[in-house]
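Sequential numbering of the sequence shown, starting at 1, is according to full-length UniProt numbering. One structure below.
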Amino acid sequence: MAFLSGLSAFPITPTNRDGRVDSVALRRLIARLGIAQVDSIGLLGSTGTYIYLSREQRRRALSETLDQTAGQMPVVVGVGALRTDEAVGLAQDAKALGAAAGLLAAASYTPLTDDEVFEHFSTVARESGLPIVVYDNPGTTHFHFSPPLVSRLAKVAGIVAIKNPTDKSDAIKNHLTAQRRTLPEGFSIGYSGDWNAAEAMIAGADTWYSVLAGILPEVCMTIVTAAQQGDAAEARRINAALVPIWSLFKEFSSLRVVYALAELLDICADPPRPILPLPPAAKRQIAAALKGLPSDASR
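Pasting the structure below:
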């Protein structure tokens with residue numbers, strides 16, 4: 001789908017200690033993404049801590065976001081849940097409110113088989129009528145989508161894209177080439193894993209699903225623009241300036257670092273419990289990395 005291309009920015013979902021969405025802080029984040037003109041918003045992904053929110057609060061977050069964007073950019077929203085019926089309901093809510101697509105992970109407590117995941121995704125797509133993006137996030141779900149399973153899912157009506165993880169940057173081009181050979185024309189192939197995303201976009205991926213773009217969208221847009229224009233050297237040059245941030249992502253997790261950035265930018269503070277804020281020493285490292293970014297990156 002055409003809107004599943006370029007930079008998809010994944011913001012956090014600010015909440016209070018009771019899990020109620022902080023609409024003012026969320027709207028500030030979404031406004032930043034609008035100013036940067038990201039290609040889409042990835043609401044309620046793992047960075048958006050969807051799994052910590054009730055159905056009511058997910059609806060609230062999506063409604064506030066859609067109102068803030070006023071149709072200026074598509075919103076892809078996480079609809080993952082442990083039970084299939086819950087995921088269907090969340091996807092139906094998203095469609096009714098006006099989301100462009102749903103992002104669905106293989107969330108589970110009991111490890112799932114390929115057939116169970118296939119039925120789960122097929123049911124959500126069929127019963128909700130919402131376009132579905134396959135969210136392959138083995139670091140969180142401990143389930144990896146095998147090439148045969150991805151190929152099966154890509155043939156299901158309403159499943160339109162995949163958000164792949166990245167591991168080694170030098171393996172992305174071969175992975176992308178292999179998926180292009182087996183998936184239908186027009187099926188959007190994107191990648192997360194911010195520190196490898198520049199190479200994914202240079203290799204020709206459709207979409208960068210970005211954690212950092214949810215808080216610092218401008219610098220991520222410059223990487224995407226350079227890659228799309230065929231200027232690999234410029235994309236790599238800008239990406240090199242972000243290495244201190246990528247190192248912090250790997251050390252402390254991208255979620256914790258982004259919450260620290262949000263605090264530094266006076267947007268919001270603490271992540272949902274039981275996740276704790278980073279200690280002062282780590283926050284000082286993040287503040288130093290922020291000051292070292294290109295001048296237009298920390299606005």
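Each residue gets a CB set at the ideal place from its N, CA and C atoms; glycine is no exception. Predicted model only: the values in this text are computed from it and were never measured.
Buried or exposed: where does residue i fall if 16 or more other Cβ atoms within 10 Å of its Cβ makes it buried?
i      : result
Ile35  : exposed
Tyr135 : buried
Ser54  : exposed
Glu251 : exposed
Ala269 : exposed
Pro280 : exposed
Asn164 : buried
Asp266 : exposed
Asn239 : buried
Do residue i and residue j have their C-beta atoms closer together than 9 Å?
i      : j      : result
Phe121 : Ile132 : yes
Tyr191 : Gly45  : no
Cys220 : Leu66  : no
Val150 : Ser188 : no
Gly102 : Leu90  : yes
Ala99  : Leu62  : yes
Pro14  : Leu33  : no
Val79  : Ser40  : no
Ala227 : Ala235 : yes
Tyr193 : Thr166 : Note on residue identity: the sequence assigns Gly, not Tyr, to residue 193. In this structure, Thr166 lies closer than 9 Å to Gly193 by Cβ.
Arg256 : Pro277 : yes
Ala260 : Ala282 : yes
Looking only at DSSP bridge pairs, what is residue i linked to?
i      : result
Thr15  : Val21
Lys163 : Tyr135, Gly190
Thr207 : Gly6, Gly190
Gly102 : Val77, Ile132
With a threshold of 6 Å on Cβ separation, who are the neighbours of residue i within its own chain once the five nearest residues in sequence on each side are excluded?
i      : result
Ala140 : Correcting the residue identity first, residue 140 is Thr in this sequence and not Ala. So the list reads Ser46, once near-sequence residues are dropped.
Ser169 : Asn196, Glu199
Pro11  : Leu29, Gly214
Apart from the five residues just before and just after residue i, which ones in its own chain have a Cβ nearer than 7 Å to its Cβ?
i      : result
Ile232 : Sequence check: residue 232 is Ala here, not Ile. The answer, listed in chain order, is Ile202.
Arg299 : Because the pLDDT of Arg299 is 48, which lies under 50, any placement of that residue in the model is unreliable, and the number read from its coordinates should be weighed accordingly. Here the set comprises Glu218.
Trp246 : Asp194, Trp195
Counting only the same chain and skipping the five closest in sequence on each side, list residues whose C-beta sits under 8 Å from that of residue i.
i     : result
Leu97 : Arg59, Leu62, Ser63, Leu66
Would you mind listing the beta strand (DSSP E) stretches within the segment 21-80 that are 3+ residues and don't spill past its ends, in chain order?
Within the segment 21-80, the beta strand (DSSP E) runs of at least 3 residues that lie entirely inside it are, in chain order, 40-43, 75-78.
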